[in-house]
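Have a look at the structure below before the remarks.
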Amino acid sequence: MSMVAPTDSASRLLFVVESFGLRVIMTMFLKTETVLRDWCGSMSVSNGDLESRWKCGDFNMADYDQDEVVNGVTVRDVKPADFIKAYAEHLKRSGKIELPAWWDVVKTASFKEYSPADQDWYYIRAASIARKVYLRQYTGVGSLKKVYGGAARKGVHRQHFQKASGGLIRHILQQLEEMKVVEKCPEGVNKGGRKITSHGQQDLDRIAGQVVRA
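Numbering follows the UniProt record's numbering, in which position 206 of the sequence shown is assigned residue number 206; successive positions increment by one, without gaps.
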């Protein structure tokens, strides 16, 4: 965009000052950009530099050894559906979760018409709950009832939101506690809430790494 030079003396002086200042700013910007690009290009490819390379716009997953990238992977780096599926399979293989006697007839909420059709639904819900607690510490049964709630049909009337079954969620949390994946919050923090344990965090991150490798 060209600048039109003014006619009077005062305006000319102001025009020269503004033009000079604009040139100085542009020169500093170009120098900064050059230094930044040189810095990004000179960095070694290590786990600590990946985030910086990404911020510099020079990150390509294919350029790096996948094992190096996986070392820093957490649950937040994996798509929810992929992680839940993988962790549910892990829970099923481990044999540490004991299915309740009513697992094949229970409904996950009172507004549901039928029980889940998937035979592995209990493991899937357990994996989903473990992920929720991982992402949000001190999550309780009340919060999870809202998360897994949905619209209750009222015939010709308007649908209304209804919470999910609290007994089912509580039963899953108790099983995850026995597996040392989650634990109850300290007294005075959030009564009935759970948080992820160090063992649980390592376990979930390990499964997330396996999802990235797959």
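Glycine residues also receive a C-beta, built at the ideal position from the N, C-alpha and C atoms.
Which residues bound the alpha helix (DSSP H) around PHE83?
80-94
If you run the structure through DSSP and keep just helix, strand and coil, what is ILE196?
strand
Along the chain, where does the beta strand (DSSP E) containing ALA151 start, and where does it finish?
150-154
Is GLN119 helix, strand or coil by DSSP?
coil
Following the continuous alpha helix (DSSP H) through LYS146, name the residue where it begins and the one where it ends.
141-147
What is the DSSP secondary structure of LYS132, reduced to helix, strand or coil?
helix
Just to confirm before moving on: does the CB-CB distance between LEU127 and LEU99 stay below 8 Å?
Per the sequence shown, residue 127 should be read as Ala rather than Leu. No.
Supposed contact pair ALA130 and GLY200 - C-beta distance, whole angstroms, cut 8 Å
7 Å
Can you tell me which residues form a DSSP beta bridge with GLU178?
The partner list for GLU178 (beta bridge, DSSP) is empty, contrary to what the question assumes.
Between ASP118 and the ligand SAM, is the CB less than 7 Å from at least one heavy atom?
With respect to the ligand SAM, the structure shown offers nothing to examine, as it has no ligands at all.
LYS191 classed as buried or exposed, judged by whether at least 16 other C-beta atoms fall within 10 angstroms
exposed
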